[in-house]
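Notes follow once the structure below has been shown.
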Amino acid sequence: MDLLRHLWKGIFSLIRNNLKPKFYSNHRTRNRIRNDSFNEKELFSQAQEALKQRRKIFLEVGFGDGKSVIDIANKNPGVSFFCIETYSKGVNLLTERIQDEKLNNIFMLYGDAIEIIEKLFNNKTIDKIYVFFPDTWPKRKHKKRRIINTYTVNLFFMKLKKNGVFHFTTDNINYAYEARTLISNYFSTKKKVSFSHNRGDRPITKYEKKALIKKNIIYDLIISN
Ligand SMILES: C[S@@+](CC[C@H](N)C(=O)[O-])C[C@H]1O[C@@H](n2cnc3c(N)ncnc32)[C@H](O)[C@@H]1O
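If you use this note's numbering, the sequence shown corresponds to residues 1 to 225, in order.
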């Protein structure tokens with residue numbers, strides 16, 4: 001009976017996730033936040049339009065309060081900076097910041113980054129992908145929700161141009177080594193994947209501050225395609 005119940009739960013969850021593994025934390029469901037101050041579809045169409053400009057493309061996944069987006073976009077005015085967040089409060093915060101700073105090279109998207117990346121970007125078009133301090137999902141049963149897994153590593157490097165850069169940062173040692181192994185497996189013998197000795201162009205984010213208070217070690221993987 002138990003076996004049948006588990007089997008049914010598995011089948012149901014596969015159907016619910018469109019036969020794909022579940023990648024994201026699903027803040028919308030978890031926090032039950034509904035916010036109509038922005039329109040998801042409109043943000044997507046604006047991003048599609050921006051891609052026609054054929055500028056360099058940077059992308060940040062899970063931008064939180066958007067501080068890093070503002071910082072990097074400010075330093076790279078010639079780049080179109082796309083950024084994706086599932087947390088509507090973050091989208092609202094970044095909207096205000098973009099208006100305050102009068103920036104016109106940021107294209108924000110609301111929803112699950114993996115779904116959006118699959119739909120929005122052609123292969124070999126992105127110059128840089130940043131993932132700073134993603135949710136660590138430390139519990140074993142939640143590990144499959146981590147944003148870095150075999151599927152997404154393949155997806156990120158498929159979307160990156162040749163010599164495009166993937167920058168991943170975490171203060172969770174297990175996640176750091178797991179991500180290194182996954183990227184290493186992706187490149188097999190073609191590339192040695194090691195932690196970076198510097199932080200690249202990564203600005204200080206809210207979660208870095210939290211990590212520093214806890215005196216955690218911060219791991220950066222800055223890997224070119
Ligand atoms: C721990 S926070 C870090 C935020 C920010 N990068 C920083 O360093 O302060 C992780 C963020 O990733 C977002 N996130 C998680 N999974 C996501 C997904 N699949 N697509 C888009 N955003 C996601 C969460 O909503 C959350 O805001």
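Where is the CB? At the ideal position from N, CA and C, for every residue including glycine.
Give me the DSSP bridge partner(s) of residue i.
| i | result |
| --- | --- |
| Y110 | E85 |
| T170 | Y219 |
| V153 | Looking at the DSSP assignment, V153 forms no beta bridge with any residue, so it has no partner. |
| K56 | V79 |
| L160 | I126 |
| S224 | V165 |
How would you call residue i, buried or exposed, if buried means at least 16 neighbouring beta carbons within 10 angstroms?
| i | result |
| --- | --- |
| R202 | buried |
| P134 | buried |
| R30 | With a pLDDT of only 45 at R30, under the threshold of 50, the placement of this residue in the model should not be trusted; the figure read from the coordinates follows. By the 10 Å Cβ count, R30 comes out exposed. |
| N225 | buried |
| R32 | Because R32 sits at a pLDDT of 47, beneath the cut-off of 50, its placement in the model cannot be relied upon, and the point is left open. |
| G78 | exposed |
| D112 | buried |
| K192 | exposed |
| N123 | exposed |
| I213 | exposed |
| G62 | buried |
| D100 | exposed |
| R146 | buried |
| K159 | buried |
| I204 | exposed |
| H142 | exposed |
| F87 | The amino acid occupying residue 87 in the given sequence is Tyr; Phe does not appear at that position. Buried, since its Cβ has 16 or more Cβ neighbours within 10 Å. |
Identify whether residue i lies in helix, strand or coil by the three-state DSSP scheme.
| i | result |
| --- | --- |
| S196 | coil |
| Y72 | In the sequence on display, residue 72 carries Ile and not Tyr. Here I72 sits in helix by DSSP. |
| G64 | coil |
| L103 | coil |
| N31 | Summary for N31: the model assigns pLDDT 48, below 50, so the residue's position carries little reliability, and this model does not support an answer. |
| F132 | strand |
| W137 | coil |
| I148 | coil |
| F227 | In the structure as shown, the chain starts at 1 and stops at 225, and residue 227 therefore has no counterpart that could be examined. |
| T95 | helix |
| I117 | helix |
Our contact map puts residue i next to residue j with C-beta atoms below 8 Å; I'd like the distance itself, whole angstroms only.
| i | j | result |
| --- | --- | --- |
| K206 | G64 | 6 Å |
| S238 | I222 | For residue 238 there is no data in the structure shown, the boundaries of the chain being 1 and 225. |
Check your understanding: Does the count of Cβ pairs from the region 91 to 111 and the region 126 to 144 closer than 8 Å reach three?
Key -> no
Exercise for review: Evaluate the contact criterion for the region 170 to 186 versus the region 99 to 113: three or more CB pairs, one atom per stretch, below 8 Å.
Suggested key: With a cut-off of 8 Å on Cβ pairs, the region 170 to 186 is not in contact with the region 99 to 113, counting fewer than three such pairs.
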